[in-house]
Structures are given as C-alpha cells and as structure tokens.
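Line by line, the protein sequences are chains A and B. Everything in the first sequence is counted per our numbering, starting at 534 for the first residue and increasing by one. Everything in the second sequence is counted per our numbering, starting at 91 for the first residue and increasing by one.
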Amino acid sequence: MHKRVRSLVSLYLCFQAAQITLKAQEFKLLDRTVQVHGFVSQGFVYSNDNNWLTMNTSQGSGAFTDFALNMSSQVTEKLRVGAQGYDRNLGQLGQYHPSLDWAVADYRFKSWFGIRGGKVKTTFGLYNDTQDEDFLRTFALLPQSVYPTDLRDATIAHLGADIYGKISLTHRLGVLSYTAYAGHRSDSIYSGYPYYLSSFGAEIKSFGGLQYGGDLRWNTPVKGLQIGVSRLNEHITGKGSAINPFAPGAGLVPYSESSKADWTNQFYGEYTVGKFRIDSEYRRYWRNQELFSGTSESFADIRGWYVSGAYRICKRLQIGSYYSRYTISNIVAGALSAFYPPATNTNLPANHDYDKVITGRVDLNRFWNLKVEGHFMNGYGSGPYPNGFYTQVNPSGFAPNTNALVLKTSLNF
Amino acid sequence: MKNHKLFSLVAVVVIFAPVRVIAADVKVIANGSMKADMISANEVKSVFLEESNSLSDGTHVEPVLEKDGPVHEAFLHEYLAAGTNDDLQSYYRALVFSGRGSMPKQLGSDAEVVAYVARTKGAIGYVSAETGVEDVKTLTILREGNGAQRRLVTRVEPDYPDTLKRLNIGGTVRLQVSIGPKGNVDTVEVLGGNPILGESAAAAVKQWVYTASRSRTIAELSIPFDSHH
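The structure is reproduced here in structure tokens:
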C-alpha cells in the first residue's frame with residue numbers, strides 16, 4: 534500500500550516537474566516569436582466480455598497513449614505558419630508510428646476571408662479537428678457513433694487548402710462561419726480500416742484519395758447557441774493484396790477497392806448556459822464501393838447521433854453524460870454476395886452500438902486532468918465498416934453487451 | 091465654504107455612484123500608434139477571440155490579456171461572453187492544437203499590461219478603470235447597435251472636472267446615443283457610471299458628428315475618464 538502511495542506521489546511530482554520545465558513555451562527565431570505547445574495523454578480501459586478499440590480490454594489495457602508537439606509563428610501581420618507532429622498507440626493501431634498531424638501556412642486577408650494550405654485539420658462537426666485534445670472536453674472518449682477514435686484517419690486532415698471566414702450578420706442575427714476545402718486524404722496503414730480488412734486476409738499498402746467539402750456554422754442571436762452543418766465527399770482508393778475469397782488456398786491476389794459514391798453529412802448544435810453545456814450531432818455516412826476491381830460492390834449506410842450534457846460543479850470538477858447511437862446497414866452485390874448476406878436489420882447487435890456514458894473529470898491544475906468514465910454498450914456494430922469492435926481481438930465471437938471503465942489523464946502545455 | 095462644497099460634491103458622487111460597477115471596472119487600452127480612438131465592442135470581441143487581427147480601418151492589432159483576477163473576469167463577462175476563464179483557455183488551446191491560432195500574450199498585472207501595450211506596436215489590452223495609463227491610448231468603446239459602420243468625423247473631448255480628477259474619481263461612463271441620418275447626435279442617455287461624469291460626457295458627445303447614413307443609428311458608447319492621465 535505504501536509502495537502504491539509512493540508511486541502516486543512520485544507520478545504527481547514528475548508531472549509537476551514536467552510542467553515547470555515545459556513552461557518556457559516561446560523563443561525568438563529571425564526576430565519572430567515561435568510558440569511551442571504539446572500534450573500527452575494516457576488511458577486505461579477495462580471491459581467485461583468484448584475487447585474494445587483493438588485493445589485487450591477484458592484483461593485491462595493501458596495501450597491507450599497519444600502525444601503531440603507543435604510550433605507556430607505569426608510571420609507577418611497576416612501570415613501564420615505552424616506544424617504539429619502526432620503519435621499514438623491504441624491497442625493494435627498507431628503502434629507509435631509518428632505522423633505529421635498538420636502543417637499549415639495561413640493567410641488571413643480579412644476576418645471574412647482567409648486561405649490556409651498544407652496539411653490542414655478538417656473542419657467537420659463540433660469536434661473533428663480537436664478530437665485528439667482530450668483536455669478540451671469533459672469526456673474521455675467522444676461519442677463513438679460520430680467520432681470513432683479507431684477511424685480517426687478517415688476525417689482528421691487533408692493535404693490541400695481551405696478558404697474560411699466569419700461574417701457578422703446585420704440586424705443582430707449573429708455570426709456565420711464558413712469553411713470550404715479540397716485535398717487529399719492519406720490513411721496510415723496502422724489505422725482502423727486497414728486493420729479491419731486484415732481480418733479477411735487483406736494487406737493494405739495504400740488507402741486514401743480526394744476529399745472535398747465544407748462547413749457552415751451559425752452563432753445565433755440566442756446567447757450560447759450554435760448550430761451548423763458539414764458535408765464531405767470522397768473518392769477513395771485502397772490497394773494491396775488479399776486472400777482470394779473464392780480459392781483461399783491459392784495464396785494472395787491483388788486487392789483494390791474504390792469509391793463509387795462516398796459522402797458524409799453532419800448536423801450539429803451546442804448550447805452553453807452558465808456552467809452547463811449540451812451538444813448534439815447527427816452524422817450519416819453513405820459508402821458505395823467497388824471491391825476486387827469491380828467484381829463486387831458494397832453499399833453501407835452508417836448513421837450515428839448523440840446527445841451529451843456536461844456540468845461544471847466547481848473550478849476543478851466536471852460531470853457529464855451522453856447517449857450515443859450507431860447503426861450500420863450493408864448490402865453486398867456481385868461475386869462476393871455469396872459470402873456476405875444483406876445486413877439491414879439494425880435491431881441486431883451486429884448492426885448497432887448504443888452507448889450510455891457517465892463521466893467525471895477532475896482538473897488537478899490548469900494543465901493536468903484526470904477522467905473516470907463508464908460505458909454501457911448494447912451491440913457491437915462490427916461490420917462491414919468497423920466501429921470499435923474487431924474480430925481479431927475477439928476470436929471467440931462477440932457478446933451483445935459491453936460495459937467498460939475508462940480512466941484517462943492528460944497533460945498539456 | 092470650499093470644504094463644504096467639496097464635501098457636497100463627494101456626497102453626490104457617493105450617493106449616485108452605480109451599485110453594479112462591473113461594467114465600469116475595465117477600460118480598453120491600445121498602443122499610442124493606433125489610429126482609432128473608438129472601436130466597437132464587437133471588434134474587441136473579434137480581436138480577443140482571434141477571429142480578426144485587424145480593425146475595420148485596417149490597423150493590425152495584437153491582443154494581450156491578464157492571466158486571471160477580477161479585471162480579467164470583468165473583461166470576460168463584459169466583452170467576450172466566454173463563460174469562465176477555463177472556457178476561454180480551452181478555446182485558445184483548441185485554436186493552438188488544430189493549427190488555427192496562437193496562444194495570446196497573458197500577463198500578470200495591470201502594470202505589466204500597460205507597459206507591454208506602451209512598447210508594442212498594435213497591442214491592445216485592458217486594465218482596471220482605476221489604473222493609471224501613461225503612454226497608451228484609452229479607447230472609447232462603441233457598445234451596441236450598428237454604429238460601428240459609421241465613422242466618427244468630429245470628436246469633442248468631455249470636460250473632466252478638476253475636483254473629481256484630484257480626488258481620483260474616474261471610471262467609465264456608458265451612454266446610449268441616437269445618431270441621425272446626417273450624422274448629428276440627436277439624443278444622449280446616460281446608462282451608467284458616475285452621474286457628474288455622465289453629464290459631462292453627454293454634453294461632449296452631443297457635439298460629435300458621424301458620417302451620414304440612410305437610417306438612424308442607436309448605439310452604446312463607453313467613455314473612459316482616467317484620473318491618472
């Protein structure tokens with residue numbers, strides 16, 4: 534017991550020391566101020582029955598780490614540049630392969646018009662571009678129906694350009710913010726979808742393609758109320774090799790899949806009044822793909838929504854809860870249809886995931902927080918597009934319900 | 091006799107001093123190189139939330155905040171509607187970690203803010219209304235309405251009674267003004283602040299002239315009276 538207390542005290546002192554050394558966040562370069570910021574988070578998940586998020590959670594898993602470091606500078610009155618490196622390990626995903634999270638040159642002509650180019654975080658819904666920043670929200674995990682952390686690569690950033698701005702409406706009608714973008718998405722081969730495909734013997738070498746879309750949000754005249762809509766279109770191609778489904782013993786054959794129609798719509802709103810905040814979002818993802826060079830076709834209709842509420846009890850303590858609902862409906866046509874019967878009944882646990890969540894967050898200081906979160910899930914929505922539950926880490930099949938305890942701490946400077 | 095008059099004046103000031111003084115506690119200051127004497131409350135919000143880094147006249151600005159304390163809280167409440175300081179810090183961190191902005195300069199006291207604003211071109215900050223602000227400009231804040239779209243052509247400075255100045259009685263006066271289509275200030279109503287200073291400010295503002303517009307404009311102004319200046 535004494536040993537455990539000593540360990541906790543040591544951990545606390547380490548974090549405090551880290552903060553003292555990390556407070557120097559600026560330096561001068563060519564007479565310009567360069568800011569340096571970073572974060573690190575560590576989680577632990579324990580679940581009954583199913584293993585979740587590619588971790589061995591039924592035994593308790595701490596393979597839930599991510600960290601980032603960024604530098605940015607205002608080069609001229611209108612031009613700002615910066616970049617952030619990001620790395621993570623989430624069970625079988627990430628595996629500590631670092632990536633360039635964003636690297637942008639941002640030129641703001643006016644408040645109503647600016648351009649940013651490079652690798653840009655995608656503005657989509659309330660939290661897409663800030664989903665890694667655990668310290669910004671009450672919850673340890675965002676609602677997985679709308680922000681699946683295992684599929685982070687699908688929407689997180691694009692290599693391309695955005696135009697953006699804010700327009701104050703006359704007659705005190707609030708403020709409209711817009712973003713329009715186009716670019717190239719490139720998924721890590723250590724992300725969720727390639728891992729999912731590996732359960733069918735596929736080895737993905739590349740996965741990505743064109744993304745374009747926009748976001749429009751309205752800060753309404755009602756104080757604290759914001760509503761918005763996002764749209765994303767994609768033309769994605771995945772290439773690699775796979776076991777021939779018609780002759781499994783014949784070895785690997787070339788595998789490819791490409792989008793015929795791939796779009797996502799998201800509608801959202803948030804309302805803040807005093808210490809209380811309520812959010813709600815709805816996302817629909819339509820995915821029509823050609824598989825195995827067009828010999829088969831897959832139609833997936835994925836829908837998710839959530840309602841969340843969070844309350845700050847005092848400066849150091851917040852509580853929150855959300856209900857998150859995910860459904861997937863899928864039909865496969867062509868040669869592969871013999872292997873994949875239509876899965877359109879979203880009442881089945883295999884085709885949904887309903888998650889009830891409660892959370893407590895303690896801010897030990899301005900830079901360091903701890904979270905405790907309980908998830909009570911019905912369903913495991915396991916395919917043909919993943920949503921947290923994977924057969925590779927659940928080889929004996931899935932139980933219909935999963936309860937999970939998530940502990941998470943994060944530090945930022 | 092002189093003492094009696096002074097006592098009466100102080101008594102009037104005390105009796106009529108506004109009970110709710112949060113709104114009058116903060117004044118917005120800017121580096122002396124800034125062209126504008128007056129900016130709108132919306133511009134203040136936009137600059138401090140990093141939605142804009144220039145004013146409507148094109149002047150580049152750089153916000154500087156206080157780390158915490160009552161002046162900072164009053165500024166948040168009055169200008170940013172950003173909830174708590176924690177909410178504001180989260181807002182800035184969201185910008186920083188998504189590549190959309192930088193962490194603004196945050197200093198520990200009024201004196202540090204004044205010194206930084208005085209030496210930094212384009213800097214704009216806020217301090218307690220009672221703080222002496224040598225070498226910086228105190229901005230008049232146009233609070234509401236569509237007055238921000240109307241440029242001030244003629245400005246008459248209000249009288250600051252010597253007695254009040256000597257007694258360090260100052261602060262910010264809030265006025266509601268009605269500007270006619272031709273640009274004249276037709277009516278002025280004192281909304282808050284010291285009543286004597288309010289009267290003085292109203293008398294001056296009545297002589298202000300704005301650019302012409304197709305319709306009448308109703309706007310709110312904050313006029314600072316700095317006893318240390």
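From the three backbone atoms N, C-alpha and C, an ideal C-beta is built for every residue, glycine too.
Residue pairing of residue 244/B in beta bridges, as defined by DSSP: 299/B. Between the region 208 to 224 of chain B and the region 150 to 161 of chain B there are three or more inter-stretch CB-CB distances shorter than 8 Å, so the stretches are counted as touching. Looking at the DSSP output, residue 910/A bridges to 888/A and 935/A. Residue 615/A reaches chain B at 189, counting residues in chain order whose Cβ is nearer than 7 Å. Taking 7 Å as the cut-off between beta carbons, none of the residues of the region 717 to 750 of chain A comes near chain B. Ranked by Cα distance from residue 247/B, the first of 195/B, 313/B and 301/B is 313/B. Residue 770/A is bridged by DSSP to 741/A and 791/A.
Burial state of residue 816/A is buried, judged by a 10 Å Cβ sphere holding 16 or more other Cβ atoms. With a cut-off of 8 Å on Cβ pairs, the region 730 to 741 of chain A is in contact with the region 712 to 721 of chain A, counting three or more such pairs. Between residue 131/B and residue 231/B, the gap from beta carbon to beta carbon is short of 9 Å. Note: residue 582/A is not bridge-paired with any residue in the DSSP secondary-structure output. For residue 850/A, the enclosing beta strand (DSSP E) stretches over residues 850 to 867. Among the CB atoms of chain B, none fall inside 9 Å of the CB of residue 657/A. Residue environment for residue 279/B: exposed (fewer than 16 other C-beta atoms within 10 angstroms of its C-beta). For the pair residue 590/A and residue 689/A, the Cα-to-Cα distance works out to about 25 Å. Contact annotation: residue 651/A and residue 692/A have beta-carbon atoms nearer than 9 Å. A residue is called buried when at least 16 other Cβ atoms come within 10 angstroms of its Cβ; residue 695/A meets this threshold and is buried.
One thing to note: residue 844/A has its Cβ no nearer than 9 Å to the Cβ of residue 835/A. Interface with chain A (9 Å Cβ-Cβ cutoff): residue 143/B is included. The Cβ atoms of residue 904/A and residue 940/A sit closer than 9 Å to each other.
Bridge partners of residue 616/A according to DSSP: 604/A and 636/A.
Residue contact with chain A for residue 126/B: absent (no Cβ-Cβ distance below 9 Å to any residue of chain A). Inter-residue distance for residue 274/B and residue 241/B is about 12 Å (C-alpha atoms, whole angstroms). Across the region 150 to 172 of chain B, CB contacts with chain A closer than 7 Å involve 150 and 171, in sequence order along the chain.
With a 10 Å radius around the Cβ and a threshold of 16 neighbouring Cβ atoms, residue 634/A comes out buried. Shown here, residue 117/B sits in a strand according to DSSP, grouped into three states. Beta-bridge partners of residue 648/A (DSSP): 640/A and 696/A. Within a 10 Å sphere around the beta-carbon of residue 878/A sit fewer than 16 other beta-carbons, which makes this residue exposed.
Cβ-Cβ distances below 8 Å link residue 196/B to 154, 155, 156 and 157 in the same chain, with the five nearest sequence neighbours on each side left out; the list follows chain order. Chain-order list of chain B residues neighbouring residue 662/A: 188, by C-beta distance under 7 Å. In chain order, 856, 857, 858, 859, 910, 911 and 912 place their CB closer than 8 Å to the CB of residue 887/A, counting only its own chain and leaving out the 5 sequence neighbours on each side. The region 725 to 736 of chain A makes no contact with the region 755 to 765 of chain A: fewer than 3 CB pairs, one atom from each, lie closer than 8 Å.
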